[in-house]
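Numbered per UniProt numbering, the sequence shown spans residues 1 to 464.
Idealized CB from N, CA, C, for every residue including glycine.
Since this is a predicted model, take the numbers as computed values, not measurements.
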Amino acid sequence: MARTHRYAAGWVAATLVTGIALVLALPGAAAPLPGGLGPCIPGVLPCPATDNDPNNGPIVGNDNNINIYVGGDYSVTGSAAEAEGKIVVVGDFDQNRTSGGGIYNVGVVGVGSRVPPDPGSDYLTIGGDVTVAGGQTLAADGGVVAYGGTKTGTITDTSRPDPAAITPYLGLNTSLQTSSTCYANPATTPATGTVTNEFGTVTFTGDGASALQVFNVTGDVAGAGGAQVFIDFAGIPAGATVLVNLVKTGSLTIAINNGSASWSAMRRMILWNIPRATTVSFQGTAQFQGSVLIGDPASQTTMGIPGMNGRFFTTGDLTHAGTAGTEFHSYPFDGDLPTCAQPTNSPNASPTPPTSPSASASASASASASASASASASASASASASASASTSASASASAVPSASGSSPAPSFNGSTLASPSGGGDGGGGLPLTGTSIAWLAAVAAVLLGAGAALLLLVRVRTDR
């Protein structure tokens, strides 16, 4: 019997050590962008598992998440050509192209990821006025332009006055500004890598191990006098999130002429965070990879590069300009970012948005799982431990479009958009974060509880 007790005591000790080790080894909390922004939200068609570079091939999926968010005004000038994906503009939208013809495409574009929003949904939501210069066309072909103010000029296919359409998004500016500042705080998000700018190349070198690779840049991403540079990444583990904080104040210039294949391959996992600059200029002759967050509501950003390949969120004004048919392309952001507390007095950034009037069908699915365990024993003493963890996901999408081809707008759920697809660690081999933390905590607590209970039982038998 004593030998059995020794074996039991050894098992208990091992269990307790394992449980404690799991608790201590839990990774830091991680989260997506506020409001569930970033990942692809499927619709009539699913989200593609992988990306194609910008092309003019067939449609390969649907994405009902926001690709471009502008907290101020959106202006189209120069030879700006098109903006793929769902677009939300809190202020006014003004189109006055000065070269390259008179059509500006939104939602579905000629060249892009080929993953547009659902047909018949709101491609462009405007809180204020929409103005299209004479002789020009704002083309939301197959979709809807919803606006809260007045309409001037020609819009195709469908446009409608809808002051309530912007309401679900009015809390995003505060949340994005808060998160942008938080991501760039070196006290909570210290740099894990180094940045060099020499011989015409800006190189971001990671530590080769961290699941969140952080780089802090105090100057422009450009050469002397604003010259264009080559972008390269090295030492980034597969599946890692890359957070580049461009913390310069005042005027910031990003000027690129090319980039490495590794940069393109990581576009889903890169966030360029610009928390402080008030004038931001994207220049150059190459495609820009990764998502962008601009946190100052007083900022003015000009996008003048051939292609912006990723989400684009600015709390300020945006001018889409350029001289050679510049374009926004819709690609998701799937990274895990630091968890940032949001102001409790800010409006809810993500209630349910209005549904397209002619939407006629929807399908939803949900899944939940929970694990719990408890143990107790008494002999002049008692102990109990319990742990539970649950995850749930829900999705709503039009399974059968109506006769007019429209489908419901994506459903919001609390503080995050429902059922984003393709999130997480992007298939890499690094430790998962976010919801996986809850499961690890549950397992650790279960082991601790079971070990404590068995230890008490062993003591009871020993006393006898």
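Classify residue i as buried or exposed, calling it buried when 16 or more other Cβ atoms lie within 10 Å of its own Cβ.
{"i": "ASN64", "result": "buried"}
{"i": "PHE199", "result": "exposed"}
{"i": "SER165", "result": "Here residue 165 turns out to be Ala, not Ser, going by the sequence shown. By the neighbour-count rule (16 or more Cβ atoms within 10 Å), ALA165 is buried."}
{"i": "ILE236", "result": "buried"}
{"i": "SER396", "result": "Because SER396 carries a pLDDT of 33, less than 50, the predicted location of this residue cannot be relied on, and no value is offered for it."}
{"i": "PRO58", "result": "exposed"}
{"i": "SER392", "result": "Annotation note: pLDDT 33 at SER392 (below 50); position unreliable, coordinate value reported separately. Result: exposed."}
{"i": "VAL106", "result": "buried"}
{"i": "ASN52", "result": "exposed"}
{"i": "THR433", "result": "Reliability fails at THR433, whose pLDDT of 33 lies under 50, so the model's placement of it is uncertain and no value is given."}
{"i": "GLY414", "result": "Confidence in GLY414 is poor, its pLDDT being 30 and thus under 50, which makes the residue's placement unreliable; the coordinate value appears in the next sentence. Exposed."}
{"i": "SER419", "result": "With a pLDDT of 30 at SER419, under the threshold of 50, the predicted position of this residue should be treated as unreliable, though the coordinate-derived value follows. The residue is buried, with at least 16 neighbouring Cβ atoms inside 10 Å."}
{"i": "PRO163", "result": "exposed"}
{"i": "THR192", "result": "buried"}
{"i": "ALA21", "result": "Because ALA21 carries a pLDDT of 39, less than 50, the predicted location of this residue cannot be relied on, and no value is offered for it."}
{"i": "SER299", "result": "buried"}
{"i": "ALA36", "result": "Looking at the sequence itself, residue 36 is Gly, so the reference to Ala does not match. That one is buried."}
{"i": "SER380", "result": "With a pLDDT of only 36 at SER380, under the threshold of 50, the placement of this residue in the model should not be trusted; the figure read from the coordinates follows. The residue in question, SER380, is exposed, as its Cβ has fewer than 16 Cβ neighbours within 10 Å."}
{"i": "PRO34", "result": "buried"}
{"i": "GLY250", "result": "exposed"}
{"i": "THR174", "result": "buried"}
{"i": "ALA13", "result": "Model confidence at ALA13 stands at a pLDDT of 43, short of 50, so the residue's coordinates are unreliable; what they give is reported in the following sentence. Exposed: under 16 other Cβ atoms inside 10 Å."}
Is the CB-CB distance between residue i and residue j below 7 Å?
{"i": "VAL280", "j": "LEU243", "result": "no"}
{"i": "THR319", "j": "LEU176", "result": "no"}
{"i": "VAL130", "j": "THR154", "result": "no"}
{"i": "GLY325", "j": "SER79", "result": "yes"}
{"i": "GLY128", "j": "GLY142", "result": "no"}
{"i": "LEU252", "j": "VAL217", "result": "no"}
{"i": "PRO54", "j": "GLY112", "result": "yes"}
{"i": "residue 465", "j": "ALA139", "result": "Lying before the first or after the last residue shown, residue 465 is absent from the chain, which here runs from 1 to 464."}
{"i": "GLN289", "j": "ARG311", "result": "no"}
{"i": "TYR331", "j": "ASN273", "result": "no"}
{"i": "ILE134", "j": "GLY102", "result": "One detail in the question is off: residue 134 reads as Gly in this sequence, not Ile. For GLY134 and GLY102, no; Cβs fall outside 7 Å."}
{"i": "PHE282", "j": "MET303", "result": "yes"}
{"i": "PRO39", "j": "GLY61", "result": "no"}
{"i": "GLY208", "j": "LYS248", "result": "no"}
{"i": "VAL104", "j": "VAL144", "result": "Checking the displayed sequence, the identity of residue 104 turns out to be Tyr instead of Val. No, the Cβ-Cβ distance between TYR104 and VAL144 is not below 7 Å."}
{"i": "SER187", "j": "ALA211", "result": "Note on residue identity: the sequence assigns Ala, not Ser, to residue 187. No, the Cβ-Cβ distance between ALA187 and ALA211 is not below 7 Å."}
{"i": "GLU84", "j": "PHE328", "result": "yes"}
{"i": "ASP94", "j": "VAL44", "result": "no"}
With distances taken Cα to Cα, identify the nearest neighbour of residue i among the options.
{"i": "VAL292", "options": "ASN309, VAL221 and GLN136", "result": "ASN309"}
{"i": "ASN56", "options": "ILE305, ASP232, VAL109 and GLY135", "result": "VAL109"}
{"i": "ILE305", "options": "SER264, ALA298 and ASN258", "result": "ASN258"}
{"i": "ALA31", "options": "PRO338, PRO343 and GLN342", "result": "PRO338"}
{"i": "THR125", "options": "VAL115, THR158, GLY307 and ASP334", "result": "THR158"}
{"i": "ALA224", "options": "VAL202, ALA238, ASP207 and ALA209", "result": "VAL202"}
{"i": "THR189", "options": "THR181, THR196 and VAL195", "result": "THR181"}
{"i": "GLN342", "options": "ALA240, GLY171, ARG97 and SER75", "result": "GLY171"}
{"i": "ARG276", "options": "GLY134, THR50, THR178 and PRO46", "result": "THR178"}
{"i": "THR194", "options": "ALA187, THR205, PRO186 and ASN185", "result": "THR205"}
{"i": "PRO42", "options": "GLN95, VAL115 and SER99", "result": "VAL115"}
{"i": "THR278", "options": "ILE256, THR301 and GLN287", "result": "THR301"}
{"i": "VAL221", "options": "ALA238, ILE256 and GLN287", "result": "ILE256"}
{"i": "ALA238", "options": "PRO297, ILE254, GLU84 and GLY335", "result": "GLY335"}
{"i": "GLY295", "options": "PRO161, PRO48, GLY72 and THR50", "result": "GLY72"}
{"i": "ASN197", "options": "GLY226, ASN185 and ASN173", "result": "GLY226"}
{"i": "TYR74", "options": "ASP317, ASN96 and PRO161", "result": "ASP317"}
{"i": "THR323", "options": "PRO48, THR152, GLY100 and ARG160", "result": "GLY100"}
{"i": "GLN287", "options": "THR156, GLN228, ALA49 and THR98", "result": "GLN228"}
With 7 Å set as the bound, which would you pick, yes or no: does the beta-carbon of residue i sit closer than that to a beta-carbon of chain D?
{"i": "GLY120", "result": "Looking for chain D here will not work: only one protein chain is present."}
Alpha helix (DSSP H) containing residue i: first to last residue?
{"i": "TYR183", "result": "172 to 183"}
Output the boundary residues of the beta strand (DSSP E) element that contains residue i.
{"i": "SER159", "result": "154 to 161"}
{"i": "ALA140", "result": "137 to 147"}
{"i": "ALA277", "result": "277 to 284"}
{"i": "ALA265", "result": "Unbroken run through ALA265 is the alpha helix (DSSP H), 261 to 265; no beta strand (DSSP E)."}
{"i": "SER291", "result": "291 to 294"}
{"i": "THR319", "result": "317 to 320"}
{"i": "ASP94", "result": "93 to 95"}
{"i": "ALA234", "result": "229 to 234"}
{"i": "MET303", "result": "300 to 303"}
{"i": "GLN213", "result": "212 to 217"}
{"i": "ASP73", "result": "It is not in any beta strand (DSSP E) - ASP73 carries neither H nor E in the DSSP assignment."}
{"i": "VAL202", "result": "201 to 205"}
{"i": "ALA83", "result": "82 to 84"}
Cβ-heavy atom distance between residue i and the ligand FAD below 6 Å?
{"i": "ASN52", "result": "Looking at this structure, you won't find the ligand FAD or any other ligand, since it has none at all."}
For this session: Take every Cβ of the segment 85 to 96, pair it with every Cβ of the segment 57 to 77, and state whether three or more of those distances are shorter than 8 Å.
Result: yes
Exercise. Pairing CB atoms from the segment 258 to 271 with CB atoms from the segment 222 to 237, are three or more of them under 8 Å?
Worked result: yes
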